[in-house]
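Novice:
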Amino acid sequence: MEELYAHGKITHEAKEYALDVLYPADKWGVWTSRLLLAIGSALVLCGIVYFFAFNWAKITPLVKLSSLQIGMVACLIGAYLYSLKRMSGQILLLSASVLTGVFMAVFGQIYQTGADAYQLFMMWSLLTLGWTLISNFAPQWIFWLAITNTFLVLWWDQGVLPERDMEYMIYTYLAVLNGGALALREYFVTDKAKEWLQPRWIRVLLTIAVLLPMLIPIVVWVVEPSRVTPSITTSAIIGLVGHGLMYAFYRYRMQDMWSLAAIALSVCIIVEAAGLKMLAEMFDSVEFFMFLLMGGMTLGIFTVAVIYLRKLIDVFEVDHV
Amino acid sequence: MSKYMSQYSASDLLGKLSGKGVVQSNDEDIESFVLAQQQDKELPLYLRALVGVGAFIASLCFIGFVTIGLSMTEEEDFVVWGLIFVALAIGLQKLSGDDSTVKSSFLMQSSFAFMATGKALFTIGMTGIFDSGWGATIAILIITAATYNIYRMSVDRFLSTFAVFFSILVNILWDREGAGSRELLLNGFMVIQMVGVAVLITNAKIKRDYIPLMYGLLFSLCASALFLASHAKFGYWRHEEFIDSTFVTLLFTGGLIASVYWIVGGVIEKLKSEPLRLAFLGIILLGLISAPGIILSIILMVLGYAKHGKVMVIMGALLVPVFLFFYYYNLDVSLMEKSGVLVGSGVALLAGRFYIGFKGWNKGGAL
């Protein structure tokens, strides 16, 4: 509209009307209201966490635990009263989830049992799972997934204490967990009752969360074959299969260029790692030639990816402007 | 955030305008103008990112090849080879064309890698010749200004302009030659960046070729604010100077007020409405508590929302928690007081939210 007006194609009145249509006044009210709610809630929660973290010795256990429990219950009652269909209720539920973790940390410090940190995250994840399931709120799910990912990593490190042979299996578990979440998102996204799943950022975030744990063992498998253990091989194979499944899904079932671009980047990194490894071994004594070939190879790999994706854009006939 | 933005296609909007009678239906002049605007051959963002990653890795390899293979030690060699690579990049881009053939894509990718290699070599050489950090700034400035209108790739334009402004910032804050006048230089630099951003955002007659320049400036402005929020003293070795952020706070506060004024179309009557008076009060309060980073984040979100600029909205949203962290971390009060301030400010924002709901401004007619 601004460019049309600047080039004299429309009148000032037309521009003003178009801007009113594009930026309705009530949207500013909603926007500001939600911004204040999000930042305000975050500040209050941070303040509570700060309070307990830094004023530890001065507070009696009774006050510590009861105030947190009152906070949690108040948030849950608030979420119930506002209903989970409104953002206020959803934010209150998310606040209750945060306070659950704070409560467990405080409880663990008062009644020290020598338990590992993973148990805190495990209980935090289990206790918040129920209301996460009914929350209809993407940030609540992402928060729950972050807690559960942390639990898995800590559990693997502190609870399982894997032998060197099994170390890399954690990447498979993380990929399965996040992949499961992504699969659920894609399964329910077409359901009109679950509009909250539709924003693209959820898919992008989950795609990255799945691709990363699949990519790492593959790169290790390729770059350091002498270090390969059964868990690296297993995770790498699962990773490769996972890449294939994701590609097939976003190529044929639910066409999405952003996801395909992320998968393409991941594949480029794998091929690049293999190529660099091969060239470094072949031209160890003539470094400058090795660098030249590496540069050329990199261009080749990424060019193929770009060409392929551009062709897919034509196939999908998607407007990406 | 995009969920709350109005989504209209160009044809929907033109239909509404003709329905209102402010444009003629089937106005061919307008339709051909809109079509011309939409036929921009720029790649989608994810492809530009992919091209960027590939070109970055390839350029590192080419720099390694040139440096080792040609046994370069003299600064002049770097400059000459840098210019050769830049010239090659421009030539390759001319050859590549706009289609999506294998040849075109490979040439485009190679061209970008050569440009990155050339600019890096040129800058390394010039920095050595000048023997100063400002040499790097001058080198990037010269090569960016020389190629901006010739080399039409938005990723390169954005990265190059950002590099220019970022190198100026680094020199102002840490170069030996800026000793004694860092605060003055930084304030001047901030003013230039703000004016630049304001002109590029609000002036509809600016060509879209300059959008990468606008983002380069915006990113540099954010980097400046981040440095200012995370450090109080800047300098080299032990010659550090305290930089007061009062001027920058005033600048950003004024910027946010000006942004709101621009968004309401400069209509004074609208500024007298209660929501806007309260908004101005909030902005002034933010200015009084000296939170320049938070104000900048809000400017980004407000302007991004108004201009449907998702990148700006996302930048602002990501920067809010960072600047909030720095703000509260740097507060010179006890930890007990700090937690009280956090809860208090959060409650104040929530009260604002409830007031908006109470007045019904979230249902319509807020502005």
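Sequence lines, in order, name chains A and B. Take the first sequence: its letters are residues 1 to 321, numbered as in my numbering. Take the second sequence: its letters are residues 1001 to 1367, numbered as in my numbering. In this text, a Cβ means the ideal position worked out from N, Cα and C, and glycines have one as well. Source: prediction; values computed, not measured.
Using alpha carbons as the reference points, say which of A:F54, A:F188, A:G159 and A:N149 lies closest to A:T172.
Specialist: By 1-based counting over the first sequence, the position of residue 172 of chain A is 172. If we check each option's Cα against that of A:T172, A:N149 comes out closest.
Novice: Measuring only between beta-carbons, confirm whether A:T190 sits less than 8 Å from chain B.
Specialist: Within the first sequence, the letter at position 190 stands for residue 190 of chain A. Not closer than 8 Å to any Cβ of chain B, the Cβ of A:T190 fails to qualify, so no.
Novice: Round the Cβ separation of B:N1187 and B:F1227 to the nearest angstrom and send it over; I've been treating them as touching at under 8 Å.
Specialist: Mapped onto the second sequence, residue 1187 of chain B falls at position 187. Mapped onto the second sequence, residue 1227 of chain B falls at position 227. In fact, because the Cβ distance is near 13 Å, the residues do not count as touching under 8 Å.
Novice: Our contact map puts B:A1179 next to B:A1116 with C-beta atoms below 8 Å; I'd like the distance itself, whole angstroms only.
Specialist: Stepping through the second sequence from its first residue, residue 1179 of chain B is reached at position 179. Stepping through the second sequence from its first residue, residue 1116 of chain B is reached at position 116. Not a contact, Cβ separation roughly 33 Å.
Novice: Rounded to whole angstroms, what's the CA-CA distance from B:M1214 to B:M1312? Just pull it up for me.
Specialist: Residue numbering aside, residue 1214 of chain B sits at position 214 when the second sequence is read from its first letter. Residue numbering aside, residue 1312 of chain B sits at position 312 when the second sequence is read from its first letter. Using only the alpha carbons, I get a separation of about 11 Å.
Novice: Starting from B:Y1236, trace the beta strand (DSSP E) in both directions and tell me its first and last residue.
Specialist: Numbered from 1 along the second sequence, position 236 holds the residue referred to as residue 1236 of chain B. Start and end: K1233 to Y1236.
Novice: Who pairs with B:E1241 in a beta bridge, going by DSSP?
Specialist: On the second sequence, residue 1241 of chain B is found 241 positions in, with the first residue counted as 1. B:E1241 is bridged to B:F1234.
Novice: Does the distance from the C-beta atom of B:G1255 to that of B:M1194 stay below 8 Å?
Specialist: For the purposes of this step, residue 1255 of chain B is taken as the residue at position 255 of the second sequence. For the purposes of this step, residue 1194 of chain B is taken as the residue at position 194 of the second sequence. Result yes, Cβ atoms of B:G1255 and B:M1194 sit closer than 8 Å.
Novice: Among A:T128, A:V241, A:F143 and A:W124, which one has its Cα closest to the Cα of A:L206?
Specialist: Within the first sequence, the letter at position 206 stands for residue 206 of chain A. The shortest C-alpha separation from A:L206 is found at A:F143.
Novice: Going by C-alpha to C-alpha distance, which of B:L1050, B:S1009, B:F1112 and B:G1118 sits closest to B:V1080?
Specialist: By 1-based counting over the second sequence, the position of residue 1080 of chain B is 80. Measuring from the Cα of B:V1080, the nearest candidate turns out to be B:G1118.
Novice: Would you kindly check if the distance between the Cβ of A:R185 and the Cβ of A:S259 is under 8 Å?
Specialist: On the first sequence, residue 259 of chain A is found 259 positions in, with the first residue counted as 1. On the first sequence, residue 185 of chain A is found 185 positions in, with the first residue counted as 1. Cβ distance not < 8 Å, so A:S259 and A:R185 don't count as in contact.
Novice: If the cut is a Cβ gap below 8 Å, which residues of chain A does B:S1105 touch?
Specialist: For this step, residue 1105 of chain B is matched to residue 105 along the second sequence. Those within 8 Å of B:S1105 in chain A are T303, V306, I307 and R310.
Novice: Who are the near neighbours of A:A41 in its chain, counting only those whose CB is closer than 7 Å to its CB and skipping five residues on each side?
Specialist: Taking the first sequence and counting its residues from 1, the one referred to as residue 41 of chain A is at position 41. It is worth fixing the name first, because residue 41 of chain A is Ser in this sequence and not Ala. Within the same chain, A:S41 has close Cβ partners I91 and S95.
Novice: Quick check on DSSP: helix, strand or coil for A:M1?
Specialist: Indexing the first sequence from 1 puts residue 1 of chain A at position 1. Three-state DSSP puts A:M1 in coil, outside helix and strand.
Novice: Could you compute how far the alpha carbon of A:S160 sits from the alpha carbon of A:Q140?
Specialist: Working through the first sequence from its first residue, we reach residue 160 of chain A at position 160. Working through the first sequence from its first residue, we reach residue 140 of chain A at position 140. The question names Ser, but residue 160 of chain A in the sequence shown is Val. Looking at the two C-alpha atoms, the distance is approximately 28 Å.
Novice: Assign B:N1171 to one of three DSSP states: helix, strand, or coil.
Specialist: The residue you call residue 1171 of chain B lines up with position 171 of the second sequence. Reduced to three states, the DSSP call for B:N1171 is helix.
Novice: Give me the residue from A:L276, A:L37, A:E3 and A:V21 with the minimum Cα distance to B:G1357.
Specialist: Along the second sequence, read from residue 1 onward, the residue named residue 1357 of chain B stands at position 357. With distances taken between Cα atoms, B:G1357 lies closest to A:L37.
Novice: Contact criterion: CB-CB distance below 8 Å. Does B:Y1210 meet it with respect to chain A?
Specialist: The sequence position of residue 1210 of chain B within the second sequence is 210, counting from 1. Answer no: the Cβ-Cβ gap between B:Y1210 and chain A never drops below 8 Å.
Novice: Rank A:T11, A:V219, A:V176 and A:M254 by C-alpha distance to the C-alpha of A:Y187 and give the top, closest one.
Specialist: The residue given as residue 187 of chain A occupies position 187 in the first sequence. Among A:T11, A:V219, A:V176 and A:M254, the Cα nearest to that of A:Y187 is on A:M254.
Novice: In whole angstroms, what is the alpha-carbon distance linking A:A79 and A:V98?
Specialist: Here residue 79 of chain A refers to the residue found at position 79 when the first sequence is read from its first residue. Here residue 98 of chain A refers to the residue found at position 98 when the first sequence is read from its first residue. Spanning the two alpha carbons is a distance of roughly 14 Å.
Novice: Give, in chain order, every residue of the stretch 1054-1068 of chain B whose Cβ lies closer than 7 Å to some Cβ of chain A.
Specialist: If the cut-off is 7 Å between Cβ atoms, the stretch 1054-1068 of chain B has G1054, I1057, A1058, C1061, F1062, G1064, F1065 and I1068 near chain A.
Novice: Output needed in chain order: residues of the stretch 39-62 of chain A with a Cβ under 9 Å from some Cβ in chain B.
Specialist: Listed by position, the residues of the stretch 39-62 of chain A near chain B (Cβ gap below 9 Å) are I39, G40, S41, A42, L43, V44, L45, C46, G47, I48, V49, Y50, F51, F52, A53, F54, N55 and K58.
Novice: Compare the C-beta of A:K277 against all C-beta atoms of chain B and say whether one is closer than 8 Å.
Specialist: As a working note, residue 277 of chain A is residue 277 in the first sequence. Not closer than 8 Å to any Cβ of chain B, the Cβ of A:K277 fails to qualify, so no.
Novice: In the structure shown, what three-state DSSP assignment does B:N1203 receive?
Specialist: Numbered from 1 along the second sequence, position 203 holds the residue referred to as residue 1203 of chain B. The answer is coil: DSSP assigns B:N1203 none of H, G, I, E or B.
Novice: Is B:Y1004 helix, strand or coil when you go by DSSP?
Specialist: If you number the second sequence from 1, residue 1004 of chain B lands on position 4. Because B:Y1004 carries a pLDDT of 38, less than 50, the predicted location of this residue cannot be relied on, and the following value inherits that uncertainty. In the structure shown, B:Y1004 sits in a helix (DSSP, three-state: H, G or I).
Novice: Pull up the distance between the alpha-carbon of B:T1202 and that of A:W28, whole angstroms please.
Specialist: By one-based count along the second sequence, residue 1202 of chain B stands at place 202. By one-based count along the first sequence, residue 28 of chain A stands at place 28. Those two C-alpha atoms are separated by around 19 Å.
Novice: Determine, using beta-carbon pairs with one atom in the stretch 165-180 of chain A and one in the stretch 224-243 of chain A, whether at least three such pairs fall under 8 Å.
Specialist: Yes, the stretch 165-180 of chain A is in contact with the stretch 224-243 of chain A.
Novice: Give the single residue among A:M290, A:A261 and A:Y252 whose Cα lies nearest to the Cα of A:I208.
Specialist: Within the first sequence, the letter at position 208 stands for residue 208 of chain A. Of A:M290, A:A261 and A:Y252, the residue nearest in Cα terms is A:A261.
Novice: Using three-state DSSP, classify B:Q1109 as helix, strand or coil.
Specialist: Position 109 of the second sequence holds residue 1109 of chain B. Helix, per DSSP.
Novice: Using DSSP with H/G/I as helix, E/B as strand and the rest coil, what is B:H1308?
Specialist: For the purposes of this step, residue 1308 of chain B is taken as residue 308 along the second sequence, with counting starting at 1. B:H1308: coil per DSSP, three-state reduction.
Novice: Excluding five sequence neighbours on each side, which residues of the same chain lie with their C-beta closer than 6 Å to the C-beta of B:E1240?
Specialist: As a first step, residue 1240 of chain B must be located in the second sequence, where it is residue number 240. Same-chain partners within the cutoff: K1233.
Novice: I want to see whether chain B comes within less than 8 Å of A:I10, judged by CB atoms only; does it?
Specialist: Taking the first sequence and counting its residues from 1, the one referred to as residue 10 of chain A is at position 10. With 8 Å as the cut-off, A:I10 counts as an interface residue toward chain B.
Novice: Do B:A1089 and B:S1111 have their C-beta atoms closer together than 8 Å?
Specialist: Taking the second sequence and counting its residues from 1, the one referred to as residue 1089 of chain B is at position 89. Taking the second sequence and counting its residues from 1, the one referred to as residue 1111 of chain B is at position 111. Yes, these two residues count as a Cβ contact at 8 Å.
Novice: Please state if the CB of B:S1167 and the CB of B:P1212 are separated by a distance shorter than 8 Å.
Specialist: Within the second sequence, residue 1212 of chain B is the residue found at index 212, counting from 1. Within the second sequence, residue 1167 of chain B is the residue found at index 167, counting from 1. For B:P1212 and B:S1167, no; Cβs fall outside 8 Å.
Novice: If you count every other CB in all the chains shown that lies within 10 Å of the CB of A:R34, and 16 or more means buried, which is it?
Specialist: Here residue 34 of chain A refers to the residue found at position 34 of the first sequence. Buried: at least 16 other Cβ atoms inside 10 Å.
Novice: For the stretch 1348-1362 of chain B, list every residue whose C-beta sits within 7 Å of some C-beta in chain A, in sequence order.
Specialist: So the list reads L1349, L1350, G1352, R1353, I1356, G1357, W1361 and N1362, given in the order they occur along the chain.
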